[in-house]
C-alpha cells in the first residue's frame, strides 16, 4: 500500500499539473483521502511536481533549444525567443519571491483552495464568453506585450487552487491568442517558474528526505513523468475541441467535493 500511495498521487499530479483544474486542489483532496498529510507528504508533492516538469522538457526539447538559441533557424522569421519567456516569468517570479512565506503560511489551506477553484473556473468561463480578436494564431506569433500580459495572469496562480494553466490560458485568450498557442506557451513558461519554486521549497524541506523513502519518491516521480506526458498531448487535443468551459464546470464539481470531504 505504501507504493500504491506514491503511484496514485503521482498519477493525480501528472494528470492535473498542466490541465486547468488545479493540481494543488486535487493533490490535497487525494492526500487527505489517502491519509497522507504529514511533512513528508509536502516534500513528496514537490518531488512528483518535478516529474511533471520533466515531461514538458522531453516533449518540447526542440522548442527549448530554439528559445535558448541553440538551434539554427533555416528560415528567418519572427519566433518565440527567450525574451518572451523572461517577460512572462517576471511578474509571478517577483511576486512569488516577495510573498513566498506569506503564501505558504496563510494560503495553503482548504478554504483558500476552494475559493481558488471557483474563482479560476469563473475566469475561464468569462475568457470563453467575451468577444475577442485573435492576433496570435500560433506560438511564434505571440508578441512581447502578450507574453508579459500572460505573465501578469500567471500571478493569479500564486493563490492555491487557482491553477497556473487555467489562469494563463484564460489570460492568453483575453489577450488575443488561440487556445493552442496559449496552452503551449503556458507549458514552456511553467518549466523555469516551477523549477524555481519547487527548488526553493525542496531546499527548505530536504530534511524530510531519507534513503528509506528513496523508492517511494522515485515511484511517484516516474509515475508523474509518464502520466504528464500523455496528459499534455491529450489536453491539447481536448482543448481544440471542447475549449475551457467543460474544465471550468469540472472545477465546480471538485469544489463541491472539496467542501464535503475536507471542510466539513
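In the numbering used here, the protein residues as written are 0 to 263. Ideal Cβ positions, reconstructed from N, Cα and C, are used throughout, including at glycine.
When 52, 116 and 49 are compared, the shortest CA-CA separation from residue 23 is found for 116. Between the C-alpha atoms of residue 156 and residue 94 there is a straight-line separation of about 11 Å. Rounded to whole angstroms, the separation of the alpha carbons of residue 133 and residue 197 is 34 Å. From the listed residues 63, 262, 18 and 85, the smallest Cα separation to residue 51 is found for 18.
Of all C-beta pairs linking the region 213 to 231 to the region 118 to 129, fewer than three are shorter than 8 Å, placing the two stretches out of contact. For the pair residue 118 and residue 171, the Cα-to-Cα distance works out to about 17 Å.
In the DSSP assignment, the residues bridged to residue 176 are 135. Annotated as distal: residue 251 and residue 108, with beta-carbon spacing of 7 Å or more.
In the structure shown, the three-state DSSP call for residue 198 is helix. Taking the Cα positions, residue 64 is about 14 Å away from residue 139. Where residue 31 is concerned, the enclosing alpha helix (DSSP H) starts and stops at 22 to 32. The straight-line gap separating the alpha-carbon atoms of residue 98 and residue 246 is approximately 29 Å.
In this model, residue 85 and residue 175 are separated by some 20 Å (Cα to Cα). Between the region 157 to 165 and the region 7 to 21, the count of Cβ pairs shorter than 8 Å is three or higher; the stretches touch.
Per the coordinates, the alpha-carbon of residue 179 lies some 38 Å from the alpha-carbon of residue 37.
DSSP places residue 260 in no alpha helix (DSSP H); its state is neither H nor E.
Beyond the five residues adjoining it in sequence on each side, residue 234 comes within less than 6 Å, by CB distance, of 18 in the same chain, given in chain order.
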